[in-house]
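Trainee: Below: one structure in C-alpha coordinates.
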Amino acid sequence: MSAIRPPEAWKGKFVSTLDVLLFIREQILGGVMPEMFFGKLDVGTVAAFVHGVRFHLYCGGVEDSRYQEFSAWLRDVRNEFPSGKGWAGLYLEEAGGDHRAAILRFLERCAEYDALTRERAT
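For the sequence shown, the working numbering gives the first residue as 213, with consecutive numbering after it.
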(Lines of atoms letter the chains of each structure in order from A and count residues from 1; the text may use other names and numbers.)
(Lines give C-alpha, C1' and ligand atoms only; values in the text may rest on other atoms or scores of the structure.)
Protein backbone atom coordinates (compact mmCIF):
# COMPACT_ATOMS: atom_id res chain seq x y z
CA MET A 1 0.00 0.00 0.00
CA SER A 2 2.62 2.53 1.05
CA ALA A 3 5.60 3.11 3.29
CA ILE A 4 3.19 3.55 6.20
CA ARG A 5 3.33 0.42 8.32
CA PRO A 6 1.02 -0.39 11.22
CA PRO A 7 2.53 -1.64 14.47
CA GLU A 8 3.81 -5.22 14.31
CA ALA A 9 1.80 -6.02 17.44
CA TRP A 10 -1.40 -5.61 15.40
CA LYS A 11 -0.69 -8.54 13.09
CA GLY A 12 -3.33 -11.22 13.46
CA LYS A 13 -5.11 -9.41 16.30
CA PHE A 14 -8.27 -7.40 16.86
CA VAL A 15 -7.51 -3.69 16.68
CA SER A 16 -10.06 -1.23 18.00
CA THR A 17 -11.32 1.51 15.70
CA LEU A 18 -10.03 3.96 18.30
CA ASP A 19 -6.53 2.50 18.10
CA VAL A 20 -6.62 2.78 14.30
CA LEU A 21 -7.62 6.44 14.61
CA LEU A 22 -4.86 7.09 17.15
CA PHE A 23 -2.33 5.53 14.77
CA ILE A 24 -3.60 7.75 11.95
CA ARG A 25 -3.38 10.82 14.20
CA GLU A 26 0.22 9.96 15.06
CA GLN A 27 1.05 9.62 11.36
CA ILE A 28 -0.63 12.94 10.49
CA LEU A 29 1.18 14.74 13.31
CA GLY A 30 4.37 13.23 11.90
CA GLY A 31 3.72 14.83 8.51
CA VAL A 32 1.68 12.24 6.59
CA MET A 33 -1.21 13.80 4.70
CA PRO A 34 -4.68 12.74 5.93
CA GLU A 35 -5.58 11.93 2.32
CA MET A 36 -3.25 8.93 2.53
CA PHE A 37 -5.82 7.32 4.84
CA PHE A 38 -9.13 8.88 3.86
CA GLY A 39 -8.76 9.58 0.15
CA LYS A 40 -9.76 13.22 0.45
CA LEU A 41 -9.84 15.90 3.09
CA ASP A 42 -13.52 15.73 4.04
CA VAL A 43 -15.17 15.06 7.40
CA GLY A 44 -17.88 13.01 5.70
CA THR A 45 -15.21 10.77 4.21
CA VAL A 46 -13.58 10.33 7.63
CA ALA A 47 -16.95 9.47 9.19
CA ALA A 48 -17.51 6.94 6.38
CA PHE A 49 -14.03 5.51 7.00
CA VAL A 50 -14.90 5.02 10.68
CA HIS A 51 -18.20 3.36 9.76
CA GLY A 52 -16.34 1.09 7.33
CA VAL A 53 -13.82 -0.03 9.93
CA ARG A 54 -16.62 -0.68 12.42
CA PHE A 55 -18.66 -2.61 9.84
CA HIS A 56 -15.63 -4.75 9.01
CA LEU A 57 -15.24 -5.64 12.70
CA TYR A 58 -18.97 -6.33 13.00
CA CYS A 59 -18.83 -8.69 10.01
CA GLY A 60 -16.01 -10.54 11.74
CA GLY A 61 -18.09 -10.92 14.90
CA VAL A 62 -16.02 -8.46 16.91
CA GLU A 63 -17.66 -6.07 19.36
CA ASP A 64 -15.62 -2.88 19.44
CA SER A 65 -16.54 -1.80 22.96
CA ARG A 66 -13.61 0.64 23.19
CA TYR A 67 -14.92 2.70 20.27
CA GLN A 68 -18.50 2.39 21.53
CA GLU A 69 -17.40 3.78 24.89
CA PHE A 70 -15.55 6.61 23.13
CA SER A 71 -18.70 7.45 21.14
CA ALA A 72 -20.77 7.49 24.33
CA TRP A 73 -18.19 9.77 26.00
CA LEU A 74 -18.23 12.10 23.00
CA ARG A 75 -22.02 12.23 23.12
CA ASP A 76 -22.74 12.20 26.86
CA VAL A 77 -19.71 13.87 28.45
CA ARG A 78 -18.40 16.20 25.75
CA ASN A 79 -21.85 16.82 24.22
CA GLU A 80 -20.23 16.70 20.79
CA PHE A 81 -22.43 14.19 18.99
CA PRO A 82 -25.64 16.10 18.30
CA SER A 83 -28.58 14.34 16.74
CA GLY A 84 -28.75 14.86 13.01
CA LYS A 85 -25.16 15.88 12.39
CA GLY A 86 -22.89 13.92 14.71
CA TRP A 87 -19.33 14.94 15.45
CA ALA A 88 -18.55 15.56 11.77
CA GLY A 89 -21.27 18.15 11.25
CA LEU A 90 -20.63 19.85 14.58
CA TYR A 91 -16.86 20.08 14.18
CA LEU A 92 -17.11 21.26 10.57
CA GLU A 93 -19.60 23.95 11.56
CA GLU A 94 -17.47 25.10 14.49
CA ALA A 95 -14.36 25.12 12.26
CA GLY A 96 -16.08 27.45 9.79
CA GLY A 97 -16.06 24.83 7.04
CA ASP A 98 -12.37 23.92 7.48
CA HIS A 99 -12.36 20.15 6.95
CA ARG A 100 -8.76 19.69 8.09
CA ALA A 101 -9.43 21.49 11.38
CA ALA A 102 -12.59 19.44 11.95
CA ILE A 103 -10.77 16.17 11.27
CA LEU A 104 -7.88 17.11 13.55
CA ARG A 105 -10.32 18.03 16.30
CA PHE A 106 -11.94 14.60 16.03
CA LEU A 107 -8.54 12.91 16.20
CA GLU A 108 -7.61 15.08 19.20
CA ARG A 109 -10.79 13.95 20.96
CA CYS A 110 -9.74 10.36 20.28
CA ALA A 111 -6.39 11.08 21.94
CA GLU A 112 -8.04 12.91 24.84
CA TYR A 113 -10.35 9.97 25.53
CA ASP A 114 -7.46 7.51 25.24
CA ALA A 115 -5.40 9.49 27.77
CA LEU A 116 -8.34 9.71 30.19
CA THR A 117 -9.08 6.00 30.06
CA ARG A 118 -5.44 4.98 30.34
CA GLU A 119 -5.07 7.30 33.33
CA ARG A 120 -8.06 5.65 35.04
CA ALA A 121 -6.66 2.19 34.33
CA THR A 122 -3.45 2.92 36.27
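For every residue, glycine included, the Cβ atom is placed at its ideal position computed from N, Cα and C. Here the structure is a predicted model, which is why all the values come from computation and not from measurement.
1) Could you tell me the distance, in whole angstroms, from the CA atom of N291 to the CA atom of G243?
2) Helix, strand or coil: which one does DSSP assign to S283?
3) Considering only their Cβ atoms, is the gap separating L304 from I240 smaller than 8 Å?
4) Assuming Y270 and S228 make a contact with CB atoms under 8 Å, what is their CB distance in whole Å?
5) If you drop the 5 nearest sequence neighbours on each side, which residues of the same chain put their C-beta closer than 8 Å to that of R287?
6) Give the C-beta separation of A300 and V255 to the nearest angstrom, bearing in mind that I take them to be a contact with Cβ-Cβ under 8 Å.
7) Relative to the C-alpha of Y325, which candidate in M248, F282, R332, A259 has its C-alpha closest?
8) How about R237 and A323: do their beta carbons lie closer than 8 Å?
9) Would you kindly work out how many angstroms separate the C-alpha atoms of L328 and A221, rounded to a whole number?
Mentor: Well, looking at it:
1) Within the sequence shown, numbered from 1, the residue matching residue 291 stands at position 79. Within the sequence shown, numbered from 1, the residue matching residue 243 stands at position 31. In a straight line, the C-alpha of N291 is about 30 Å away from that of G243.
2) Taking the sequence shown and counting its residues from 1, one reaches residue 283 at position 71. Correct three-state label for S283: helix.
3) Within the sequence shown, the letter at position 28 stands for residue 240. Within the sequence shown, the letter at position 92 stands for residue 304. Against a cut-off of 8 Å, the Cβ pair of L304 and I240 comes out as no contact.
4) Here the question's residue 270 lines up with position 58 in the sequence shown. Here the question's residue 228 lines up with position 16 in the sequence shown. Not quite, the Cβ-Cβ distance comes to about 13 Å (not below 8 Å), so this is no contact.
5) The residue given as residue 287 occupies position 75 in the sequence shown. Once the five neighbours on either side are set aside, the close Cβ partners of R287 are F293.
6) As a first step, residue 300 is located in the sequence shown; it is residue number 88 there, counting from the start. As a first step, residue 255 is located in the sequence shown; it is residue number 43 there, counting from the start. The pair is a contact, with the Cβ atoms about 4 Å apart (cut-off 8 Å).
7) Counting from 1 along the sequence shown, the entry for residue 325 is found at position 113. Checked all of M248, F282, R332, A259; the closest Cα to Y325 is F282.
8) Within the sequence shown, the letter at position 25 stands for residue 237. Within the sequence shown, the letter at position 111 stands for residue 323. Contact: yes.
9) Along the sequence shown, read from residue 1 onward, the residue named residue 328 stands at position 116. Along the sequence shown, read from residue 1 onward, the residue named residue 221 stands at position 9. Distance between the alpha carbons of L328 and A221 is about 23 Å.
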